[in-house]
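To convert, take the position in the sequence shown, counting from 1, and add 42; that gives our numbering. Single-structure report; data block below.
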Amino acid sequence: MIRLVIFFSVLCLASVFDVRTRIIPDWIHLLMFLASLIPPGHIHPEGLLSAIPLLAVGMICDGIGGGDIKLTAVCGLVLGFTKTYTGLTLGLCFLLLFHAGKLSFYKLIKKEMTVKEQAYPLVPFLLSGMAVSVLIGG
Numbered sequence: 043m044i045r046l047v048i049f050f051s052v053l054c055l056a057s058v059f060d061v062r063t064r065i066i067p068d069w070i071h072l073l074m075f076l077a078s079l080i081p082p083g084h085i086h087p088e089g090l091l092s093a094i095p096l097l098a099v100g101m102i103c104d105g106i107g108g109g110d111i112k113l114t115a116v117c118g119l120v121l122g123f124t125k126t127y128t129g130l131t132l133g134l135c136f137l138l139l140f141h142a143g144k145l146s147f148y149k150l151i152k153k154e155m156t157v158k159e160q161a162y163p164l165v166p167f168l169l170s171g172m173a174v175s176v177l178i179g180g
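Below, the structure written as structure tokens:
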């Protein structure tokens, strides 16, 4: 339980950094890795594979930063592949719903969205997806 409290506390901190600066400091990843070592849980090396979809998209097109990829991989170390992949999928669905809502609002007020307004920090959506994944059991 303490492991998840520390994990989600650090993930909330990462979310704040991502919203404010669009950068996730490396020490955040280190803290999350250290959280994966806290007993009674064990480290899930297979969870690193959950970052492969973000890595592939990040290599093909611009827009997903290395911090988001590393953060997803470290989440996999704590939560395991299934919960992390479920959380990633839910987080991306939440992002899609948020974008659709914002796009609809802009169309309603007849305003065009700029490219900067279409760029979103990913960590808050990952946080919500991981939280739901843990709550439903992945």
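In this text, a Cβ means the ideal position worked out from N, Cα and C, and glycines have one as well.
Terminal residues of the alpha helix (DSSP H) in which residue i lies
| i | result |
| --- | --- |
| Met74 | Asp68 to Ser78 |
| Tyr127 | Phe123 to Leu150 |
| Thr63 | Ile44 to Thr63 |
Under 8 angstroms between C-beta atoms of residue i and residue j
| i | j | result |
| --- | --- | --- |
| His86 | Lys112 | no |
| Met172 | Cys117 | yes |
| Leu53 | Leu130 | no |
| Gly100 | Ile106 | yes |
| Gly89 | Leu46 | no |
| Asp110 | Val165 | yes |
| Ser78 | Leu119 | yes |
Under the three-state DSSP convention, the category residue i falls into
| i | result |
| --- | --- |
| Gly109 | helix |
| Cys103 | coil |
| Pro95 | helix |
| Thr114 | helix |
| Met155 | coil |
| Ile178 | helix |
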